[in-house]
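*Asks:* Using the numbering used here, you'd call the opening residue of the sequence shown number 3 and step up by one each time.
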Amino acid sequence: MATKAKTSWFCSACGNESPKWMGRCPACGEWNTMVEAPKEDLKKSSVTAAGRVSPDRKPLRLKEIDYSKEPRRSLGLGEVDRILGGGIVPGSLVLIGGEPGIGKSTLSLQIPLGCPELRTLYVTGEESAKQVKMRAERLGGKDDSCLIFCETMVESILEEARSIVPDLMIVDSVQTMFSDSIDSTPGSVSQIKEVAALLLRFAKETGVPVILIGHITKDGYIAGPKILEHIVDVVLQFEGENRGSYRILRSIKNRFGSTSELAVFEMTGAGLREVLNPSEMLIPMHGQGLSGAAVAATLDGTRPMLFEVQALVSSAVYGTAQRSATGFDARRLNMLLAVLEKRAGFHLSAKDVFLNMAGGLKVSDPACDLAVICAVLSSNFDFAIPSDVCFAGEVGLSGEIRPVAQTERRIGEAERLGFKKIFVSYFTKLDRKPQGIDVVKVADVPALVKALFK
Numbered sequence: 003m004a005t006k007a008k009t010s011w012f013c014s015a016c017g018n019e020s021p022k023w024m025g026r027c028p029a030c031g032e033w034n035t036m037v038e039a040p041k042e043d044l045k046k047s048s049v050t051a052a053g054r055v056s057p058d059r060k061p062l063r064l065k066e067i068d069y070s071k072e073p074r075r076s077l078g079l080g081e082v083d084r085i086l087g088g089g090i091v092p093g094s095l096v097l098i099g100g101e102p103g104i105g106k107s108t109l110s111l112q113i114p115l116g117c118p119e120l121r122t123l124y125v126t127g128e129e130s131a132k133q134v135k136m137r138a139e140r141l142g143g144k145d146d147s148c149l150i151f152c153e154t155m156v157e158s159i160l161e162e163a164r165s166i167v168p169d170l171m172i173v174d175s176v177q178t179m180f181s182d183s184i185d186s187t188p189g190s191v192s193q194i195k196e197v198a199a200l201l202l203r204f205a206k207e208t209g210v211p212v213i214l215i216g217h218i219t220k221d222g223y224i225a226g227p228k229i230l231e232h233i234v235d236v237v238l239q240f241e242g243e244n245r246g247s248y249r250i251l252r253s254i255k256n257r258f259g260s261t262s263e264l265a266v267f268e269m270t271g272a273g274l275r276e277v278l279n280p281s282e283m284l285i286p287m288h289g290q291g292l293s294g295a296a297v298a299a300t301l302d303g304t305r306p307m308l309f310e311v312q313a314l315v316s317s318a319v320y321g322t323a324q325r326s327a328t329g330f331d332a333r334r335l336n337m338l339l340a341v342l343e344k345r346a347g348f349h350l351s352a353k354d355v356f357l358n359m360a361g362g363l364k365v366s367d368p369a370c371d372l373a374v375i376c377a378v379l380s381s382n383f384d385f386a387i388p389s390d391v392c393f394a395g396e397v398g399l400s401g402e403i404r405p406v407a408q409t410e411r412r413i414g415e416a417e418r419l420g421f422k423k424i425f426v427s428y429f430t431k432l433d434r435k436p437q438g439i440d441v442v443k444v445a446d447v448p449a450l451v452k453a454l455f456k
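1) Answer yes or no: do Asp446 and Ile403 have a C-beta to C-beta separation smaller than 8 Å?
2) Measuring only the C-alpha atoms, how far is Tyr428 from Leu339?
3) With a 10 Å radius around its C-beta and 16 neighbouring C-beta atoms as the bar for buried, classify Thr187 as buried or exposed.
4) Span of the beta strand (DSSP E) holding Ile150?
5) Are there 16 or more other CB atoms within 10 angstroms of the CB of Pro92, so buried, or fewer, so exposed?
6) With Asn358 as the anchor, note down where its beta strand (DSSP E) starts and where it stops.
7) For Cys152 versus Pro114, is the C-beta spacing smaller than 8 Å?
8) What are the start and end residues of each continuous alpha helix (DSSP H) run of 4 or more residues lying completely inside the region 98–169, in chain order?
9) Would you mind sorting Thr50 into buried or exposed? The rule is 16 or more other CB atoms within 10 Å of its CB.
10) Which one of Met155, Ser94 and Glu157 has the shortest CA to CA distance from His232?
11) Using the three-state DSSP reduction, which class does Leu308 fall into: helix, strand or coil?
12) Helix, strand or coil for Leu201, going by three-state DSSP, please let me know.
13) In the DSSP assignment, find the alpha helix (DSSP H) that holds Ile250 and state where it starts and stops.
14) Here's the rule: buried if 16 or more other CB atoms are within 10 angstroms of the residue's CB, otherwise exposed. What is Ala453?
15) Strictly by DSSP, which residues pair up with Thr300?
16) From which residue to which residue does the alpha helix (DSSP H) around Arg334 run?
17) Within the same chain, show all residues whose beta-carbon is closer than 6 Å to that of Leu450, passing over the 5 residues directly before and after it, in chain order.
18) Who are the Cβ neighbours of Asp371 in its own chain at under 7 Å, not counting the five residues just before and after it?
19) Compare the Cα-Cα distances from Gly89 to each of Val236, Glu161 and Gln408 and report the closest residue.
20) Quick check on the DSSP output: the beta strand (DSSP E) that includes Ser427 runs from which residue to which?
21) Just mark Gly53 as buried or exposed, buried being the case when its beta carbon has 16 or more other beta carbons within 10 Å.
22) For my contact list, Gly2 and Asp174 are in at a C-beta cut-off of 8 Å; report their separation, rounded to the angstrom.
23) Buried or exposed: which applies to Gln312, given that a residue is buried once 16 or more other Cβ atoms fall within 10 Å of its Cβ?
24) Could you check whether the region 201–221 touches the region 154–167, counting it as contact only if at least three pairs of C-beta atoms, one from each stretch, sit closer than 8 Å?
25) Which residues in the same chain have their Cβ closer than 7 Å to the Cβ of Val365, if we skip the five residues on either side of it in sequence?
26) With a threshold of 7 Å on Cβ separation, who are the neighbours of Ala225 within its own chain once the five nearest residues in sequence on each side are excluded?
27) The alpha helix (DSSP H) spanning Cys376 covers which residue range?
28) With DSSP run on the structure shown, which of helix, strand or coil describes Arg75?
29) Helix, strand or coil: which one does DSSP assign to Val277?
30) Decide if Asn18 is buried, meaning its Cβ has at least 16 other Cβ atoms within 10 Å, or exposed.
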């Protein structure tokens, strides 16, 4: 008589083990993330084996370690190299996540096609070799040094990689891979942990950098256990609207560089095109005299960008006023509208307010507050803000306009793009006075209204 396999419960967010199902994970606090998996998976798992030290390894003093012999390698895309910190580090494990159809596979295949000097092993578990070939012909480039391997068992992949010894290995995607030592379906918690641990060990032992493509959940997080993001060295998030043409590659985690970086791409028929100056695509693209538009000088990471904030204010038809924000926090929009009503006397509670960030951007910089309230007031008054005016400031609950970080870089970007006036906080301190742009300092919202709508 066959014995029943013992099972245990694991949190899909952090990988915490529990002997029984729980509505909330006691480790990370997430709700409804417990999944059942065979308990003997952990005994057969090589996750612990991946951490064993080989007999030829010995502890080294910190001063004895020499890293100068391992320079970074360029991937052929300047924006990707920049967001990685100057190129990919040998032996690193990079995870790229994004929504379906956003362009993850296009980017991963465009790297070896645009950098033929790297001998690349492209492992695909989602497409056939013919499908990859069709996409490669559309993207163009040289494919002499790109090897396509259609396989999902990680042991076979590593065996082939050790015999080929490529300069770069790309795995699309980590959720489709499985290990023969784990008795569960691909994409489960135990499988993702095992596959990631084996790939990490391969990368560190051989010095071959590995790029993993990962799926995301409906909430926008990397699918699978949270330990996956802890294992890898770099986590890059691919963002953007599927219906739009612009994509943003954002650094979430980087052990070898800064996380305050992003890269902008444009999806074309021939693949992803690097956008070296994002401000040029996000500034107004319409005629003069349109109300409800204001330009914000934001700073995403270390890159200053100017983009258009669009607002529409109209009378509420159905009795209850609507509040809608695309690319902006709806709760912060409600807060700014409350500040306008309480501190400046504008009655907007009976009006619908719709807000949109141009270009499909998702903005979290508080410096956009000033542009948001100016766009709302512009639409409410039906007064067009001049196209050569931009804004950079945070709005507080008392109606005061607070200074933001690195204001001089924002002013310099606005000056370079031909803007003639920028509104900032009265408390902003500048080391030098700009020559080609007029800096207007305002202390609160009433002072802003008097200076802008006079």
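Glycine included, each C-beta is placed from N, C-alpha and C at the ideal position.
*Replies:* For this structure:
1) yes
2) Take the alpha-carbon of Tyr428 and the one of Leu339: they are about 21 Å apart.
3) exposed
4) Counting along the chain, the unbroken beta strand (DSSP E) around Ile150 starts and ends at Cys148 to Cys152.
5) Around the Cβ of Pro92, a 10 Å sphere holds 16 or more other Cβ atoms; the residue is buried.
6) Lys353 to Met359
7) no
8) 106–116, 131–141 and 156–166
9) Because the pLDDT of Thr50 is 41, which lies under 50, any placement of that residue in the model is unreliable, and the number read from its coordinates should be weighed accordingly. Exposed is the call here.
10) Taking His232 as reference, the option from Met155, Ser94 and Glu157 with the minimal CA-CA separation is Ser94.
11) Collapsing the DSSP output to three states places Leu308 in a strand.
12) helix
13) Per DSSP, Ile250 lies in no alpha helix (DSSP H); the unbroken beta strand (DSSP E) holding it starts and ends at Tyr248 to Asn256.
14) exposed
15) The partner list for Thr300 (beta bridge, DSSP) reads Met307.
16) Ala332 to Arg345
17) Val444
18) Leu338, Gly395, Glu396 and Val397
19) Val236
20) Lys423 to Ser427 is the span of the beta strand (DSSP E), which, as asked, contains Ser427.
21) With a pLDDT of 44 at Gly53, under the threshold of 50, the predicted position of this residue should be treated as unreliable, though the coordinate-derived value follows. That one is exposed.
22) Only positions 3 to 456 of the chain appear in this structure, which leaves residue 2 out of reach.
23) buried
24) yes
25) So the qualifying residues of the chain are Thr300, Gly329, Phe330 and Met359.
26) Gln177, Gly216, His217, Ile218 and Thr219
27) Asp371 to Phe383
28) Arg75: strand per DSSP, three-state reduction.
29) Coil.
30) buried
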